[in-house]
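In the numbering used here, the protein residues as written are 218 to 1222.
Where is the CB? At the ideal position from N, CA and C, for every residue including glycine.
Take a look at the structure below.
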């Protein structure tokens, strides 16, 4: 049946075949594909549809190569059909273009589906108001619009999906009409219709229940019971399940001849929907109908000093407001699942939001503590009994079975607006029977476990407070004036609490109870990590007791993983490193880690990375000390160090291709593999904090061999090239030196002193660097560390060369060359050749410099060392620029610059940009020189490299001088001089002469 005409005369139908009329004339909609496009536009109700969406909807995976062209043709034809009088040059009014897509703009009431939905909504309103006859009439009008199979004639995946949706929508309307007819006492009239409907839809339990009730009211009890038997057999045979609780309960009531199943005496009277069974029968005895159901208000008292959480409160409020809307016609009941570690404030947040949303749920609030992490959990069975009693059900008629209680509970909440708060849940299975079943109600669930399998739940992973929020909570409990007077100390206190609300509240309560204490007096109490948890107790509140509730729910494997993971002092840990620590296969370890994340005992800040909350780490470490043998703890940390060392060894090998340094590492475990040097160095960068932590932990543990940590320190040497980890490397090198000196371990000390020398050189502390290299040289010769000996001699040569002691530098290079040749280490030889270039130039030996540079490049190229080749090109470019072969110099420097930038070697990037700028000055390309000098300056400042900054400023000043930008030039040269002078480098003298000359030139002009 088509809808009535509109002022435009157009009408459309999708509840049967896809059709259209103008006044009384049916329009030719063309091919099935064209009808399908029209159907999609109609069902989108004026919203734009992109061509991609249309193609996927109509053709799916079988779209032809020219589907877009065909689509445009169909749209053009539809426009001609819908607006035949439109000029080809005028814009269409109905099927319009929106961006790159299309939209069909139609007057209201044009489409049969919108009329159908309007009738359904009006019927629901009438039913709620008790106008049952009017509701039934409106439903019949809606169903009369259906003209057979929906979207008949349309093809494609979209049409098929929508056809199923519309068929289900029609069936729901039929079932609603059957309910109303039964309520109106028309059971004898609907029996025949229900027989046909159940035959067509044998697995729809609601229709079966309606037929059973109709038979029973017609006095045909045996037929009613037979329907149940047939339904049960059909469900078992087709789906392997028994009938649901509502159908089963109706069967039991028919067997018991329940008088409440009789025809209502006044079917037209207003009846509370919550008091009606979905099949039309009363659930409560007649006397219960005369009373208004109670309005429970079971929420715990709100927290008066609730602080912060504005964003999450707003999100929850919006979710609850949407759930409570009267006009919701689709979608289920709203559920918010708040999870987080113990003490993070889940219950306080839920109760605060529930109280604030009281106006949205006028029929009341239900609350139960599920005690999910206690020894005696609240069962759904007992919680349902409590809820039913709160809703006015006499205890003697509450069903015995949990499923029947749940069905009755949902029936009582149907069409009511109630909020249910299920606090401290353990699992989805525990709370599912307690969730309301229809729109209008909402539920908030709190749990330490991430209830990812809770259907349709909005998951909210609650984090600790922001620092300012924690400070506000601290002040609210301890006294705002008291805290404001010692704000810095108060921030130290809440930071020691890890910003965990429970911990902050406890320590604030202790302070409030002791007027003689100051906020500052709490800081040293909380500074001792071994005693911190003992300080976080007051009355019955204790952070460790809260953590213990979650910990005690773990199985043995999870509990041991929880304990061992707390032993490393790094900020986080990767899944592969955790697998080594736990001595588990990677997949098995990841499953354990994720299970701890689900239990809110571990955090996952990024995919594949895990960390503890600070206080949870202390709790886990205490449990480890109590439960794990000291040897087991040592073995776990040794496995982790072995993994890091094995992996870093591979990273060093790839980062310095051809280097023999990593050959001397004592690796006993296995690490991860890398596909390239860039990937290896990226791993070092990501894991840097964890690597430094494991080095420090080994150095601070007396009795443990420091050599693996010293090897690891040397293995992470490639981090120096980024210029971003100098301070950390210096600090940890000094720690290893101290530990090695304590143990008399020369092998470890030589590694640490070599690395420390490299770090100090990178900081332009040349005298300090030379002192460390000299000490390392003595240690390497005494301990027989040949590889480190060669590297140290090479480093001493570079330091001497920087200070223009070129003869001394070349002597060191010669000594290093002999070591490398004795060891058959061609990469070492190539390194010496390349680095000696500047000293040959300093002595005026240009030919020797070119020969050394070219030989170094040839060796690195031959052994396939990408990093070595780039460094050799850098040095070759320097000498070529000095001898006037400028184009060749630019070529080599451009090649190595691309490599250094791709591998994030910022120190080398800055150097090459400087050299390019110098070459462009020599070539007269001053603007290019300025551009590269400015790039070098930016990089040097980003990585905190004063010597590089001074070099960049110096060459920038020279380039600007050539461009006659005298003011900027002199300022750059002056700043460069100041830095060189502070560093005590020879370049300061060069710049002093240049500045004096430019000043004379300015006077002369």
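Asked, Found
"Do the segment 1099-1106 and the segment 868-880 touch if we need at least three Cβ pairs shorter than 8 Å?", "no"
"Residue 785: buried (16+ other C-beta within 10 angstroms of its C-beta) or exposed?", "buried"
"If the criterion is Cβ atoms closer than 8 Å, does the pair residue 1109 and residue 1051 meet it?", "no"
"Just the C-alpha distance for residue 812 and residue 337, rounded to the nearest angstrom, thanks.", "46 Å"
"Skipping 5 residues on each side, what residues in its chain have a beta carbon closer than 8 Å to that of residue 607?", "511, 513, 515, 583"
"Report yes or no: do the segment 1143-1155 and the segment 1172-1192 share at least 3 C-beta pairs separated by less than 8 Å?", "yes"
"Determine whether the beta carbon atoms of residue 677 and residue 571 lie at a separation below 8 Å.", "no"
"Can you list, in chain order, the residues of its chain whose CB lies under 7 Å from that of residue 352, leaving out five sequence neighbours each side?", "340, 343, 344, 397"
"In the DSSP assignment, find the unbroken beta strand (DSSP E) run with residue 664 in it and report its ends.", "659-664"
"Can you check whether the CB of residue 891 is closer than 8 Å to the CB of residue 836?", "no"
"Residue 871: which of 799, 1080, 472, 831 sits nearest, CA to CA?", "1080"
"Buried or exposed: where does residue 448 fall if 16 or more other Cβ atoms within 10 Å of its Cβ makes it buried?", "buried"
"With DSSP collapsed to three states, give me the class of residue 279.", "helix"
"With burial defined as no fewer than 16 other Cβ atoms inside 10 Å of the residue's Cβ, what is the status of residue 453: buried or exposed?", "exposed"
"Classify residue 551 as helix, strand or coil using the three-state DSSP reduction.", "strand"
"Going by the beta-carbon positions, is the gap between residue 367 and residue 383 smaller than 8 Å?", "yes"
"Pair every Cβ in the segment 250-263 with every Cβ in the segment 281-301, then say whether three or more of these pairs are closer than 8 Å.", "yes"
"Any idea which residues DSSP pairs residue 791 with across the strands?", "826"
"Whole angstroms is fine: what's the gap from residue 869's alpha carbon to residue 976's?", "16 Å"
"Buried or exposed for residue 469, going by 16 or more other Cβ atoms inside 10 Å?", "exposed"
"Give me, in chain order, the residues of the same chain whose beta-carbon lies closer than 6 Å to that of residue 504; leave out the 5 immediate sequence neighbours on both sides.", "Low confidence applies to residue 504: its pLDDT is 39, below 50, so where it sits in the model is not reliable, and the reading given next is rough at best. Result list for residue 504: empty, nothing under 6 Å."
"If you check the beta carbons only, do residue 554 and residue 537 fall under 8 Å apart?", "no"
"Nearest to residue 348 by alpha carbon, out of 390, 401, 637, 995?", "401"
"If you draw a straight line from the C-alpha of residue 1025 to the C-alpha of residue 804, how long is it?", "56 Å"
"Starting from the C-beta of residue 695, find all residues in its chain whose C-beta is less than 7 Å away, skip the five residues before and the five after it, and write them out in chain order.", "725, 728, 729"
"Quick one: what's residue 754 bridged to in DSSP?", "759"
"List the whole-angstrom C-beta distance separating residue 766 from residue 591, where the pair is believed to meet the contact cut-off of C-beta under 8 Å.", "7 Å"
"Taking 8 Å as the threshold (C-beta atoms), are residue 798 and residue 781 in contact?", "yes"
"What do you reckon, are the CB atoms on residue 940 and residue 1129 nearer than 8 Å?", "no"
"I need the DSSP call for residue 1226, collapsed to helix, strand or coil.", "Any property of residue 1226 remains undetermined from this structure, which presents the chain solely from 218 to 1222."
"Please name the residue in 801, 778, 854 whose C-alpha comes closest to that of residue 818.", "778"
"So, is residue 199 buried or exposed, given that buried needs 16 or more other C-beta atoms within 10 angstroms?", "With the chain covering 218 to 1222 only, the question about residue 199 has no answer from this structure."
"Taking 7 Å as the limit between beta carbons, can you name the residues of its chain near residue 1003, skipping five residues before and five after?", "1036, 1040"
"Taking residue 627 as part of the alpha helix (DSSP H), name the residues at either end of that continuous run.", "619-630"
"In the structure shown, what three-state DSSP assignment does residue 435 receive?", "coil"
"Is residue 1011 helix, strand or coil when you go by DSSP?", "helix"
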